[in-house]
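Down below is the structure, laid out as C-alpha cells.
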Amino acid sequence: MTFKLDTLFDSPDKQYLNANDLSILSQYVSSIPERMAVYRTLRDQEIAIMQPIADALQQQAGHPEPLVERSVRSGLMVLRYAAMAMLLDDDGFVEERLQGWLPEMVKAYETQAVDQQLFQLLMQQLAKVFSPAQLNLLKPSLEKAKNLMLNTRETVTLAGLL
Amino acid sequence: MVSVADLLTDGRLPGNYFAQDLYVRGSTELGLLENRRGDRLLAIPDALLQAIYSGLEKETGQASRLVLYNCGRWWGKNFYARFCEELADYYKQPLSSLSMAEFLQSLQQCWKTHGWGQIHLDITYRDRGFLGVEIWHSPFTATAPQGQKPAGDLERGILEIFFSQLTGRELRCAQTSCTAKGDDCNRFVLGLEKRLQPVEALVANGQAHQAIMQTLMQQG
Numbered sequence: 005m006t007f008k009l010d011t012l013f014d015s016p017d018k019q020y021l022n023a024n025d026l027s028i029l030s031q032y033v034s035s036i037p038e039r040m041a042v043y044r045t046l047r048d049q050e051i052a053i054m055q056p057i058a059d060a061l062q063q064q065a066g067h068p069e070p071l072v073e074r075s076v077r078s079g080l081m082v083l084r085y086a087a088m089a090m091l092l093d094d095d096g097f098v099e100e101r102l103q104g105w106l107p108e109m110v111k112a113y114e115t116q117a118v119d120q121q122l123f124q125l126l127m128q129q130l131a132k133v134f135s136p137a138q139l140n141l142l143k144p145s146l147e148k149a150k151n152l153m154l155n156t157r158e159t160v161t162l163a164g165l166l
Numbered sequence: 025m026v027s028v029a030d031l032l033t034d035g036r037l038p039g040n041y042f043a044q045d046l047y048v049r050g051s052t053e054l055g056l057l058e059n060r061r062g063d064r065l066l067a068i069p070d071a072l073l074q075a076i077y078s079g080l081e082k083e084t085g086q087a088s089r090l091v092l093y094n095c096g097r098w099w100g101k102n103f104y105a106r107f108c109e110e111l112a113d114y115y116k117q118p119l120s121s122l123s124m125a126e127f128l129q130s131l132q133q134c135w136k137t138h139g140w141g142q143i144h145l146d147i148t149y150r151d152r153g154f155l156g157v158e159i160w161h162s163p164f165t166a167t168a169p170q171g172q173k174p175a176g177d178l179e180r181g182i183l184e185i186f187f188s189q190l191t192g193r194e195l196r197c198a199q200t201s202c203t204a205k206g207d208d209c210n211r212f213v214l215g216l217e218k219r220l221q222p223v224e225a226l227v228a229n230g231q232a233h234q235a236i237m238q239t240l241m242q243q244g
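Chains as they are written, first to last, in the working numbering: chain H, 5 to 166; chain F, 25 to 244.
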C-alpha cells in the first residue's frame with residue numbers, strides 16, 4: 005500500500021519520530037472523523053451522485069449510450085479511488101492505481117469529450133453534497149485523476165486491433 | 025438509458041488487476057513472493073540471466089539462440105494460459121466477453137509489473153497483416169551478449185505463442201531491432217510465416233527496422 009505516512013513508519017531504525025513528525029501524525033489522526041464522514045457519504049450515495057450525471061450526459065449533451073456508459077464507469081472508478089485516497093490522505097494513491105489503466109481506456113474508447121463534461125458535472129454534484137471544507141479533502145485526488153484522464157499522451161490506440 | 029446501478033454488477037468495478045502494489049505480495053516469513061492469487065513469483069538477478077546466456081553459449085554455441093527461443097515458446101504457452109485464467113477470474117466473465125482494449129491493457133500492465141519492461145503494440149501495419157510489438161527497457165536483452173545480431177530470442181518465443189493463441193492463427197515472430205546491438209528498444213514483427221519470410225535475411229544483413237518494414241510493405 006502507498007501511504008503518505010509510510011515514510012514516518014519506515015524509520016524506526018534511524019531514530020524516534022521528532023516533534024514535527026508527530027504533529028503531522030496527529031493532524032492526520034484528528035482529520036480522520038471528517039474523512040470518514042465524507043467517505044461514508046460517497047459510499048452510500050454513489051448511485052445518487054452519478055445517475056443525474058449519466059442522465060445529463062445522455063439527454064442534454066446527447067452523447068451516445070455506449071460512450072456515456074464507458075465514461076460513467078470511469079467516473080465511478082475515479083470516485084472510488086479518490087475516496088480511498090482521501091481516507092488515506094494520499095493523492096499519489098490515485099496515480100499509482102489508475103496510471104497505465106484509465107488513460108489507456110479513455111484513448112481506446114475515445115471518451116475524452118464525454119469525460120471532460122463528466123468531470124464538470126461531477127464537481128457540480130459534489131458541491132451539492134459536500135461542504136467546501138469537505139470538498140477540499142477530495143479535490144487533490146480528483147484533480148490528479150482528471151489530469152490522468154484528460155491529458156493522455158500520444159501512444160498507440162488499442163481499439164479495433166486484430 | 026444508462027442505469028448506474030446496472031453498471032455495478034455486485035458492486036464491483038474491475039480495473040487494473042496488475043497494478044504493481046496490489047499484484048506483488050508474499051509470505052515473506054516463508055521466503056515466498058507471490059502474486060495476488062497466491063502463485064509464486066521469483067526475483068531473478070541480472071547476474072543469473074547473464075550466467076544462463078554465457079552457460080548456453082559455452083555449451084551449445086550457435087544453438088543457444090534456438091534453445092532460448094524454444095524456452096520462450098514454452099514460457100509463452102504457460103503465460104498465456106495463466107494470464108487468461110487470472111483475467112477471467114478477476115472479471116468474473118469468460119475471456120471472450122472481455123474487450124480487446126481491456127485485455128491488451130492488462131497485458132501491458134502485467135508486463136510492467138513483472139519487471140519485463142514496457143510493451144507497446146504497433147498497429148500501423150495491421151491492414152497488411154503484420155502486428156508490431158515494441159519492448160522498452162527489456163531485462164532480457166540488457167543482460168544478453170551484446171553484438172550485431174538481435175538477442176531477444178526469449179521474447180520472440182513468448183510473443184509468437186501469445187499472439188498465435190490470441191488470434192487463433194499460427195503466427196511467426198521476427199525481431200527487427202534490439203538493445204543488444206545498440207538500438208533504442210526491441211522491436212518485433214508478427215505475421216504469417218510465408219509473409220514474414222524475407223525478414224530474416226534483412227535482419228542478417230543488418231537492415232534497420234524502418235527499412236525492413238518498408239521492404240515488407242512493398243512485397244504487396
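The C-beta atom is built at its ideal place from N, Cα and C for all residues, glycine as well.
Bear in mind that the values here come from a model prediction, so they are computed numbers and not experimental data.
Work out the CA separation of residue j and residue i for me, nearest whole Å.
i, j, result
"Ala149/H", "Leu29/H", "26 Å"
"Gln138/H", "Glu38/H", "8 Å"
"Leu145/F", "Ile51/H", "36 Å"
"Gly226/F", "Ile236/F", "Checking the sequence shown, residue 226/F turns out to be Leu, not Gly. Answer to the nearest angstrom: the Cα atoms are 6 Å apart."
"Gln231/F", "Glu224/F", "10 Å"
"Val160/H", "Leu21/H", "Low confidence applies here, because Val160/H scores a pLDDT of 44, under 50, leaving its location unreliable; read the following figure in that light. Computed Cα separation, rounded: 47 Å."
"Arg61/F", "Leu73/F", "26 Å"
"Glu109/F", "Ala41/H", "39 Å"
"Val110/H", "Met153/H", "7 Å"
"Phe13/H", "Glu69/H", "47 Å"
"Asp25/H", "Ala89/H", "20 Å"
"Glu53/F", "Ala117/H", "49 Å"
"Pro107/H", "Arg211/F", "24 Å"
"Gly192/F", "Gln238/F", "27 Å"
"Gly96/H", "Gln234/F", "39 Å"
"Trp98/F", "Tyr104/F", "10 Å"
"Asn155/H", "Asp59/H", "25 Å"
"Leu125/H", "Gln63/H", "13 Å"
"Ile143/F", "Phe127/F", "13 Å"
With DSSP collapsed to three states, give me the class of residue i.
i, result
"Ile68/F", "coil"
"Gly156/F", "strand"
"Ser35/H", "helix"
"Phe212/F", "strand"
"Cys134/F", "helix"
"Gly50/F", "strand"
"Val28/F", "helix"
"Ala163/H", "With a pLDDT of 41 at Ala163/H, under the threshold of 50, the predicted position of this residue should be treated as unreliable, though the coordinate-derived value follows. Coil at Ala163/H, not helix or strand."
"Thr11/H", "helix"
"Asp207/F", "coil"
"Leu183/F", "helix"
"Arg89/F", "helix"
"Glu58/F", "strand"
"Cys95/F", "helix"
"Arg44/H", "helix"
"Arg193/F", "coil"
"Arg151/F", "One point to set straight first is that residue 151/F is Asp, not Arg, in the sequence displayed. It is helical."
Can you list, in chain order, the residues of its chain whose CB lies under 6 Å from that of residue i, leaving out five sequence neighbours each side?
i, result
"Asn59/F", "Tyr47, Leu65"
"Thr115/H", "Leu71, Arg74, Ser75"
"Gln19/H", "none"
"Pro174/F", "Gln199, Cys202"
For my contact list, residue i and residue j are in at a C-beta cut-off of 8 Å; report their separation, rounded to the angstrom.
i, j, result
"Gly100/F", "Ile159/F", "About 14 Å separates the two Cβ atoms, so there is no contact after all."
"Asp119/H", "Ser145/H", "Rounded, the Cβ-Cβ distance is 16 Å, inconsistent with contact."
"Ala86/H", "Val98/H", "6 Å"
"Thr203/F", "Ser162/F", "6 Å"
"Leu178/F", "Leu92/F", "5 Å"
"Ile57/H", "Leu122/H", "6 Å"
"Met81/H", "Leu37/F", "5 Å"
If we count the other Cβ atoms within 10 Å of its Cβ and call it buried at 16 or more, is residue i buried or exposed?
i, result
"Ile1/H", "Given a span of 5 to 166 for chain H in the structure shown, any question on residue 1/H remains unanswerable."
"Gln129/H", "buried"
"Thr33/F", "exposed"
"Ala198/F", "buried"
"Gly206/F", "exposed"
"Ser88/F", "buried"
"Pro69/F", "exposed"
"Arg44/H", "exposed"
"Asp113/F", "exposed"
"Glu100/H", "buried"
"Met54/H", "buried"
Near residue i, what residues of its chain come up, given a Cβ to Cβ distance below 8 Å and the 5 sequence neighbours on each side ignored?
i, result
"Asp93/H", "Lys8, Leu9, Tyr32, Ser35, Arg39"
"Arg106/F", "Asp63"
"Gly35/F", "none"
"Met241/F", "Tyr149, Arg152"
"Gly50/F", "Leu56, Leu57, Glu58, Leu65"
Excluding the five sequence neighbours on either side, which residues of its own chain have a C-beta within less than 7 Å of the C-beta of residue i, listed in chain order?
i, result
"Gln117/F", "none"
"Asn40/F", "Gln133"
"Leu269/F", "Residue coverage of chain F in this structure runs from 25 to 244, which leaves residue 269/F outside it and unanswerable."
"Phe42/F", "Ser130, Gln133, Cys134, Thr137"
"Tyr77/F", "Thr167, Ala168, Pro169"
"Thr84/F", "Val91"
"Arg180/F", "Tyr93, Gly96, Cys197, Gln199, Phe212"
Under 8 Å between C-beta atoms, does residue i make it to chain A?
i, result
"Asn210/F", "No chain A is part of this structure, whose protein chains are labelled H and F."
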